[in-house]
Amino acid sequence: MTMSGELLTGNLAAAWGARLAEVDYVPAFPITPQTEIVETLAGWCERGDLAARFVTMDSEHSMMTAAGAAAAAGARVFTATSSQGLLYAFEVLYTVAGWRVPLVLVNVSRALAAPITLESDHNDVLAARDSGFLQIHAETCQEVLDSILIAYRIAEDQRVCLPAIVNMDGFYLSFTREPVSRPEPDRVRAFLPPYRPSHLGFKASRPQALGVAVLNSVGYSHFRYQMHLAAMNALAVHQEAADDFARLFGRRYDLVDGYRLEDAEDVLVMSNAFATKGKAAVAAARARGRRVGLLRLRVIRPWPSAAITQALKGRRTVAVLDQNLAPGLGGILYQEVAATLGGEPDRPRALCSFVGGLGGRNIAEGEFEAIFARMAEAGERGRGVGPILLYTEEDRRQMDQWVTIAGNR
Amino acid sequence: MTWPHETYSKIKQLPLEEQVLPGTSLCAGCGGLETLRLAAKVLGEKVVFVNAAGCFTLLAVYPFTPFHGSWLYTTMGSAPAGAQGIRDALDVLIAKRRLPKEEDLKVVVLAGDGTTYEMALSATSAAIGRNLDFYYFCYDNEAYANTGVQLSSATPYGARTTTSPCSLQHPAGTVREKKDIFEIWRAHRPPYIATLSARYPLDLAEKLARASRIAGPKLLLALSPCPTGWGFDPFQTPEVARLAVETGLWPLKEAVQGEVTHTYVPKRRPVEDYLRLQERFRHLFEPTRQEAAIRHIQDRVDAYWSRVRAEPPR
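If you're matching them up, the sequences are chains A and B in order. Per the numbering used here, the very first residue in the first sequence carries number 1; after that it's consecutive. Per the numbering used here, the very first residue in the second sequence carries number 1001; after that it's consecutive.
In structure tokens:
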């Protein structure tokens, strides 16, 4: 069925995803904590293990343009970035999505400057949520690899034709080795056929103009809405791909990932690697008799409204734990979940918002216990709380100490 | 001084086929369009243009395109990277036999001076550094013309733009010198660089033909008189283009493997003849003549050509 599991970092799993997808082209630019992905691919291209051209670009802005242009020319393209790099490429994300070309970009989530730091949170990738790129957020190294293959299937589907981001957490996945089962190349080809696009490509016998100006609102509205419809198509296409993937490889990925939801009255909503911590906390709370569960958001664009509504209807309390902060608003995913549930007749009694894990800050088990307690309380009162920043007394003592040092000459 | 023409010595030899068809949204009398039209005749049909946001974005407006060949719109800052992606993809697909070699295309960046001299300079530098096989065609109209004529690094001393207006502090308007992009490119040691003028079509066509025989990064820098931005009647475009060359302000030259040759040495009329035709320089003459500013422009041109004369003839 599959090759035996081996210990791979998230970055190596990502590189394997690209290799198994038999990509043609990898424009690259280094940034921590993504660099291991492009280093690995550079080595494989150099040694002929992967029949792709690897080009070191001068910036993420150029990298993203080269990636999109090569995809427009009919190549299967892979690239990766992180944090500031994603932001530097930002203008081109919209451009490439507007070209309606498929490619896969792995983003290794890292918090944004200033102040600069290296560890993970999700303000980088969530800033790109309206670009037209599809977004799959992985929890494990295995899911990183598998999601890349699934992402190509969706992106290249004629009903979609949009680029995709596969997101993983910096350090927590990028440099953490986990057992990863590497799919066999023949089976991958059965899942993801060799890339032969019929509608894309620049060639002498069939010229095409791509990205031409539309100097009127009618044309612009049309093309933008087509992108929306295509992104919505990706919901069904994802499920088809997920079914095929499960059949071929025995691993099941849905739009959302429910954990111990069956009779849960309070549900924590999370994404990415910290969802594993959340699941452990749910298991511990269950052992103490709390009826809690967890919903992990896996596909964030397109936004799986129906799956989220289905999973959360009739619950007592739903709390979204955002690993991001929109200053002046709060948690981004909380807002999206709240908007999704807002019009539902059997929506949860209370909606809570927690913000944690900023800049890679750990979330301790005790903090999850406190969250569950607040959720229970909110459910009793029928009124949500938040946004609440997860920040302990110990954190605050530490910070006070630093402020004192910084303030002293 | 004469320059040997190997391919195009008579106007009749220029290809009759038009590669850029009329009826676009560009301004009447656009000098840039005329240069592109001539250049495209030599480049032929098998071309993909990678357009940087700018005036020429208005060439292809949905659902029309004036080109027989292909076109990709990119951002201002990354058109050379777009060329990289297409060139690489074509190479890879041909190598993998997914694209027949006959389907190959010339990859041409189309960019204005704002892109060329400023926003895409970093991406351009890198593309040259990677020895990308591409043409970089710059229509240099010496301002951000598409947005209503603002100062760019290509705006010459003494020109007025909407962001470098004349004032008591700056009576001459733009008080900095035009960036020397030819020399900036040359410092990167690309195999081919040339300046072009639409008023000298044989010189232009010959340079395109030469460039076509050379692999690697190639700059084709076309001075593009802009009736709208420079303030002259559209019918005067050829005359303004001619005077730019004849006054010595726009030297026609090329650099093959770094070695500079002037392909035409004008007898050199006073710069005033060129400046007087244009609204953007009107303040140098009215209401009071700014002798020092005019002198400054003339001195700079004189100094340039005195250095050229010191070069050994080709």
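Quick reminder that beta carbons are idealized off the backbone N, C-alpha and C, glycines included.
Pull out every residue of the segment 3-26 of chain A whose Cβ sits closer than 7 Å to any Cβ of chain B, in chain order. Cβ contacts with chain B: D24 and Y25.
Excluding the 5 residues flanking C1166 (chain B) on each side, which residues of the same chain have their C-beta closer than 8 Å to its C-beta? Stepping through the second sequence from its first residue, residue 1166 (chain B) is reached at position 166. The answer, listed in chain order, is R1160, A1172, G1173 and H1283.
Just the chain B side, please: which residues come within less than 7 Å of H61 (chain A) by C-beta, in chain order? If you number the first sequence from 1, residue 61 (chain A) lands on position 61. Residues of chain B passing the Cβ test: G1077 and S1078.
Chain-ordered neighbours of E91 (chain A) on chain B, where CB pairs are closer than 7 Å: Looking up residue 91 (chain A) in the first sequence gives position 91. Here the neighbours are T1075.
If D322 (chain A) and R296 (chain A) are in contact, beta carbons under 8 Å, what's the gap, nearest whole angstrom? Looking up residue 322 (chain A) in the first sequence gives position 322. Looking up residue 296 (chain A) in the first sequence gives position 296. Rounded, the Cβ-Cβ distance is 13 Å, inconsistent with contact.
In three-state DSSP terms, what is M57 (chain A)? Here residue 57 (chain A) corresponds to residue number 57 of the first sequence, with the count starting at 1. Taken through DSSP and simplified to helix, strand or coil, M57 (chain A) comes out as coil.
Give the range of the alpha helix (DSSP H) segment to which I1184 (chain B) is assigned. Stepping through the second sequence from its first residue, residue 1184 (chain B) is reached at position 184. Run containing I1184 (chain B): I1181 to A1187, per the alpha helix (DSSP H) assignment.
Which residues in the same chain have their Cβ closer than 6 Å to the Cβ of M227 (chain A), if we skip the five residues on either side of it in sequence? Start at 1 with the first residue of the first sequence, and residue 227 (chain A) comes out as number 227. The answer, listed in chain order, is G132.
Terminal residues of the alpha helix (DSSP H) in which Y152 (chain A) lies: Numbered from 1 along the first sequence, position 152 holds the residue referred to as residue 152 (chain A). Run containing Y152 (chain A): C141 to E156, per the alpha helix (DSSP H) assignment.
Any C-beta of chain B under 8 Å from that of Q226 (chain A): By one-based count along the first sequence, residue 226 (chain A) stands at place 226. Taking Cβ atoms only, chain B never reaches closer than 8 Å to Q226 (chain A), which makes this a no.
Other residues of its chain near L20 (chain A): CB distance less than 7 Å, five sequence neighbours each side excluded: The residue you call residue 20 (chain A) lines up with position 20 of the first sequence. L149, P183, P185 and V188.
Boundaries (first-last residue) of the beta strand (DSSP E) holding H137 (chain A): Within the first sequence, numbered from 1, the residue matching residue 137 (chain A) stands at position 137. In the DSSP assignment, H137 (chain A) falls within the unbroken beta strand (DSSP E) covering L134 to H137.
Taking L1110 (chain B) as the reference, which of B:P1004, B:L1036 and B:E1254 has the closest Cα? Against the second sequence, residue 1110 (chain B) aligns to sequence position 110. L1110 (chain B) has its Cα closest to that of B:L1036, out of B:P1004, B:L1036 and B:E1254.
So with Cβ pairs under 8 Å, would you call A97 (chain A) a contact of chain B? Working through the first sequence from its first residue, we reach residue 97 (chain A) at position 97. So, not an interface residue.
Along the chain, where does the beta strand (DSSP E) containing L1110 (chain B) start, and where does it finish? The residue labelled residue 1110 (chain B) in the question sits at position 110 within the second sequence. Taken as a continuous stretch (DSSP letters only), the beta strand (DSSP E) holding L1110 (chain B) covers K1106 to G1112.
Could you give the distance in angstroms between the alpha-carbon of T1195 (chain B) and the alpha-carbon of W303 (chain A)? On the second sequence, residue 1195 (chain B) is found 195 positions in, with the first residue counted as 1. On the first sequence, residue 303 (chain A) is found 303 positions in, with the first residue counted as 1. Cα to Cα, the separation comes out at about 52 Å.
Report the neighbours of I1086 (chain B) on chain A: residues whose CB is nearer than 9 Å to its CB, in chain order. Within the second sequence, numbered from 1, the residue matching residue 1086 (chain B) stands at position 86. A66, A69, A70, A72, A73 and F202, listed in chain order.
Nearest to F372 (chain A) by CA position, among A:L162, A:G289 and A:A231, is which residue? For this step, residue 372 (chain A) is matched to residue 372 along the first sequence. With distances taken between Cα atoms, F372 (chain A) lies closest to A:G289.
Rounded separation between C1226 (chain B) and T1155 (chain B) - CA only: Position 226 of the second sequence, counted from the first residue, corresponds to residue 1226 (chain B). Position 155 of the second sequence, counted from the first residue, corresponds to residue 1155 (chain B). Answer to the nearest angstrom: the Cα atoms are 12 Å apart.
Is the segment 78-95 of chain A touching the segment 1143-1151 of chain B in the sense that three or more CB pairs, one from each, lie closer than 8 Å? no
Between which residues of its own chain and S59 (chain A) is the CB-CB distance below 7 Å, once the five residues before and five after are set aside? Taking the first residue of the first sequence as 1, we reach residue 59 (chain A) at position 59. Result list for S59 (chain A): F29 and Y88, in chain order.
Taking 8 Å as the threshold (C-beta atoms), are V38 (chain A) and T65 (chain A) in contact? For this step, residue 65 (chain A) is matched to residue 65 along the first sequence. For this step, residue 38 (chain A) is matched to residue 38 along the first sequence. No, the Cβ-Cβ distance between T65 (chain A) and V38 (chain A) is not below 8 Å.
Assigned secondary structure, G431 (chain A) (DSSP; H/G/I helix, E/B strand, else coil): For chain A, the structure presents residues 1 to 409; residue 431 (chain A) sits outside this window and is missing.
Take A1205 (chain B) as the anchor and find which of B:N1051, B:S1070, B:T1263 and B:P1022 has the nearest alpha-carbon. Stepping through the second sequence from its first residue, residue 1205 (chain B) is reached at position 205. That would be B:T1263, whose Cα lies nearest to the Cα of A1205 (chain B).
Residue burial classification, F1056 (chain B) (beta-carbon count within 10 angstroms, cutoff 16): Along the second sequence, read from residue 1 onward, the residue named residue 1056 (chain B) stands at position 56. It counts as buried.
Per DSSP, which one or two residues make a beta bridge with A350 (chain A)? As a first step, residue 350 (chain A) is located in the first sequence; it is residue number 350 there, counting from the start. For A350 (chain A), which the question treats as bridged, DSSP gives the partners A:T317.
How would you label E36 (chain A), buried or exposed, when you count the other beta carbons within 10 angstroms and need 16 or more for buried? Here residue 36 (chain A) refers to the residue found at position 36 when the first sequence is read from its first residue. Flag for E36 (chain A) reads buried.
Can you tell me which of the three DSSP states W1305 (chain B) falls into? On the second sequence, residue 1305 (chain B) is found 305 positions in, with the first residue counted as 1. Secondary structure of W1305 (chain B) (DSSP, three-state): helix.
Let me confirm a value: R413 (chain A) is counted as buried when at least 16 other C-beta atoms fall within 10 Å, else exposed. Which label applies? Residue 413 (chain A) falls outside the range modelled here, since chain A spans only 1 to 409, and no answer is possible.
Nonlocal neighbours in the same chain, by C-beta distance under 8 Å from I388 (chain A), ignoring five residues either side: Position 388 of the first sequence, counted from the start, is the residue given in the question as residue 388 (chain A). Closer than 8 Å at the Cβ level, and outside the excluded window around I388 (chain A), lie C352, S353, F354, V355 and R374.
Quick one: residues in its chain with C-beta nearer than 7 Å to the C-beta of F171 (chain A), no 5 flanking neighbours on either side, listed in chain order? Within the first sequence, the letter at position 171 stands for residue 171 (chain A). Hits under 7 Å: P33, E119, S120 and G360.
Cutoff 8 Å; reference V1256 (chain B); Cβ partners in own chain excluding five residues on either side: Here the question's residue 1256 (chain B) lines up with position 256 in the second sequence. Correct list, in chain order: P1191, Y1192, R1210 and I1214.
Examine chain B for any beta-carbon lying closer than 8 Å to the beta-carbon of D58 (chain A), and answer yes or no. Residue 58 (chain A) sits at position 58 when you count from the first residue of the first sequence. Yes - at least one Cβ of chain B is within 8 Å of the one on D58 (chain A).
Counting only beta-carbon separations shorter than 8 Å, does G85 (chain A) have a partner in chain B? Taking the first sequence and counting its residues from 1, one reaches residue 85 (chain A) at position 85. Not one beta carbon of chain B lies nearer than 8 Å to the beta carbon of G85 (chain A).
Please list, in chain order, the residues of the segment 43-57 of chain A that have any C-beta partner in chain B closer than 9 Å. When C-beta distances to chain B are compared with 9 Å, the residues of the segment 43-57 of chain A below that value are A51, A52, R53, V55, T56 and M57, in chain order.
Neighbour flag for T1057 (chain B) against chain A, beta carbons, 8 Å: Residue mapping note: residue 1057 (chain B) aligns to position 57 of the second sequence, counting from 1. So, interface residue.
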